[in-house]
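All you need for the working numbering is the position in the sequence shown, starting with 1, plus 43.
Here a beta-carbon is modelled for each residue, glycine too, at the ideal position from N, C-alpha and C.
All remarks here apply to the structure that follows.
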Amino acid sequence: MASYNSVNGAERKLSFTGLVVAGEISDDAGQELLPLGSGFFVAPYIALSARHVIDEITKRFHGCTLPEIKGELAFGIDFAVLHPQYGLMKWAVMGYGYTPTIDVVALLVEPRDPVQLPEGFNWETPTLSFAQAVEGEEISALGYPQSDHRFDSEVGSRVRIQAYSSDGYITQIHELRRDSTMLPYPCYETDARIEGGMSGGPVFNSAGQVCGVINSSFELEPGSGESVSYVAALWPCAGIELTDTVNPISKSPKPYYLQMLVDVGLIKGVDRMTSVDPSGKVTILVPSGRARGAQGTDGHF
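Now the structure itself:
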């Protein structure tokens, strides 16, 4: 049965999940900084979120989407984590990695507040599953729908964070795309409740591994109160292109793909069903009997 509940502040998952907000320089004192979204660390200094969250922020403050921006950003973006041990930690987003074919973006960050990581700080990151999900599998989505970020002229940025977990089942798998306009990439349909602000948060499979990124929710009929939710599949993220290295952020000698960070162990990954060619095209092997319409075949994206 689907459920939707606030998350206990001591929950381990809160150490690597957080809130994506427009940075402190972007609005007048007292104004709310919107839109908001969620995200999660996958490696030290690297987080994933929904690309449409970043696109909405860039369209508001820059007039175009992230892939269209040339040169420096005219505003800042922060990733705020309410860590169970260290409290509120804010990270400045300094770089991005994405592929135009999926609704997931990699955020490269540096500490903003505190500027130095606490002594003994231990990075907590989830294990990612790069296999195709299974219809009927139980999932749990985590995001920050009832959170806000305001700017005060005297004390600066104020962030209020509250995580929620939504449980449900995968009701349908769209192996390559649901449609050609709204969801033109691999995704899953679910009966889990998804609220505004949760986009970009992780979706965990029954083994506790991240299998997707929260994407969107649509009302079935106006005024019905019934909706259907969608999750971007994780496996195409293997083809996200990165052009910078982290700690500190600097230009990489040559571009590389997220898959490489899995290969060298910087990202914890299981079910390596993906491969990435030099152009960034991701191929996934779908074992026989795992998915309708792709049994024993390769899927390309």
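Where the beta strand (DSSP E) through I216 begins and ends: Here residue 216 refers to the residue found at position 173 of the sequence shown. From DSSP, the beta strand (DSSP E) with I216 extends over Y207 to H217.
Does the Cβ-Cβ distance between A123 and V202 come in under 8 angstroms? Translated into positions along the sequence shown, residue 123 becomes position 80. Translated into positions along the sequence shown, residue 202 becomes position 159. It is a contact, given that the beta carbons lie within the stated cut-off.
Anyone know if the C-beta pair for I283 and Y228 falls short of 8 angstroms? Taking the sequence shown and counting its residues from 1, one reaches residue 283 at position 240. Taking the sequence shown and counting its residues from 1, one reaches residue 228 at position 185. Cβ atoms of I283 and Y228: not closer than 8 angstroms.
Simplified DSSP state of V96, which is helix, strand or coil: Along the sequence shown, read from residue 1 onward, the residue named residue 96 stands at position 53. If DSSP states are grouped into helix, strand and coil, V96 belongs with the helices.
Residue span of the alpha helix (DSSP H) that contains L304, given as start and end: Mapped onto the sequence shown, residue 304 falls at position 261. Taken as a continuous stretch (DSSP letters only), the alpha helix (DSSP H) holding L304 covers L301 to D306.
Hey, does G61 have any beta-carbon neighbour from chain C nearer than 8 angstroms? The chain labelled as chain C is not found in the depicted structure, where only one protein chain is given.
I need the straight-line Cα distance from E75 to V136, nearest angstrom please. The count along the sequence shown starts at 1 and reaches residue 75 at position 32. The count along the sequence shown starts at 1 and reaches residue 136 at position 93. Residue placement at E75 is poorly supported in this model, since its pLDDT is 49, which falls under 50; the coordinates still yield a value, given next. Distance between the alpha carbons of E75 and V136 is about 19 angstroms.
Would you say the beta carbon of E167 comes nearer than 7 angstroms to a heavy atom of the ligand COA? With respect to the ligand COA, the structure offers nothing, as it holds no ligand at all.
Would you mind sorting A276 into buried or exposed? The rule is 16 or more other CB atoms within 10 Å of its CB. On the sequence shown, position 233 is the one that residue 276 refers to. A276 is buried by the Cβ-count criterion.
Quick test of the definition: if touching needs 3 or more C-beta pairs under 8 angstroms, does the region 249-259 touch the region 281-298? no
Cβ pair N258, A90 closer than 8 angstroms: Residue 258 sits at position 215 when you count from the first residue of the sequence shown. Residue 90 sits at position 47 when you count from the first residue of the sequence shown. Against a cut-off of 8 angstroms, the Cβ pair of A90 and N258 comes out as no contact.
Do you know offhand how far P143's Cα is from T224's? In the sequence shown, residue 143 corresponds to position 100, counting from 1. In the sequence shown, residue 224 corresponds to position 181, counting from 1. So the two alpha carbons sit approximately 13 angstroms from each other.
What do you get for R55, buried or exposed, if any count of 16 or more other CB atoms within 10 angstroms of its CB means buried? In the sequence shown, residue 55 corresponds to position 12, counting from 1. Under this definition R55 is an exposed residue.
Straight-line CA distance for L125 to I204? Reading the sequence shown from its first residue, position 82 is the one you call residue 125. Reading the sequence shown from its first residue, position 161 is the one you call residue 204. Looking at the two C-alpha atoms, the distance is approximately 7 angstroms.
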